[in-house]
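Here's the structure we're looking at; comments come further down.
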Amino acid sequence: RRMADRAASPGKGLRIRALEEKTLTLRTESDQDTIRVGQEIGRLLLEGDVVGLVGELGSGKTWLTKGIALGLGVAPKTIVTSPSFTLVNQYQGRVTLFHMDVYRLESLNDALSAGIEETLYSGGVVVLEWADRWPEILPEHTLRVHLLILDDPTRTITLSARHARPLEILTHLESSLSHS
Numbered sequence: 023r024r025m026a027d028r029a030a031s032p033g034k035g036l037r038i039r040a041l042e043e044k045t046l047t048l049r050t051e052s053d054q055d056t057i058r059v060g061q062e063i064g065r066l067l068l069e070g071d072v073v074g075l076v077g078e079l080g081s082g083k084t085w086l087t088k089g090i091a092l093g094l095g096v097a098p099k100t101i102v103t104s105p106s107f108t109l110v111n112q113y114q115g116r117v118t119l120f121h122m123d124v125y126r127l128e129s130l131n132d133a134l135s136a137g138i139e140e141t142l143y144s145g146g147v148v149v150l151e152w153a154d155r156w157p158e159i160l161p162e163h164t165l166r167v168h169l170l171i172l173d174d175p176t177r178t179i180t181l182s183a184r185h186a187r188p189l190e191i192l193t194h195l196e197s198s199l200s201h202s
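So the sequence shown is numbered by the numbering used here: it starts at 23 and just counts up by one.
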């Protein structure tokens, strides 16, 4: 639920359902490998899904997003770039992809004023870079992805989920990667 909804009714009728966190860790050896992992993720995403990316500068967040765009059916000739200055880039595939980057925002108020929360709940698929800046604005069904530089160009990509929808994505991703 949205932050405003949670704040308006704290504790009323809340049922806490603790799901165990599931993680999947992958290793990529090139930018192309990272794009391929993103493409597999993108094939599994549906309207309303949110992917939160975390990783230092140069860890491959935008490469992974390029793959997600391909998996969502965005035309291969489309140039997918990090929206560091524009905040949100929008791409059309089988569903709309909203690629967001909050690196340059100073505060949660800046993020909310910029319409981050509205974009998160606007339909389509949302990929948010620097998702660890304000985790409280992320929907509970966010698929969390942490990219870590081991050395250049080797990365680990750790996906984690606690909610039914991202758990389903992880299960299908694990299956599709083991068969490829």
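C-beta atoms are modelled at their ideal positions from N, C-alpha and C, and glycine is treated no differently.
Check	Outcome
Starting from HIS194, follow the alpha helix (DSSP H) in both directions and report where the run begins and ends.	186-200
Can LEU94 and LEU119 be called in contact, C-beta distance under 8 Å?	yes
Pick out whichever of LEU169, GLY145 and ARG184 has its Cα sitting closest to the Cα of ARG177.	LEU169
Quick one, which of LEU199, GLU190 and PRO175 has its alpha-carbon nearest ASP53's?	PRO175
Please tell me whether LEU181 and LEU165 are closer than 8 Å, where the distance is taken between their beta carbons.	yes
Mind the definition here: the stretch 182-198 touches the stretch 42-50 only if three or more C-beta pairs lie below 8 Å; say whether that holds.	yes
Under 7 Å Cβ to Cβ from GLY70, same chain only, skipping five residues before and after it: list those, please.	GLY145
Mapping the DSSP letters down to three states, classify LYS44 as helix, strand or coil.	strand
Grouping DSSP H, G and I as helix and E and B as strand, with all else coil, what is VAL149?	strand
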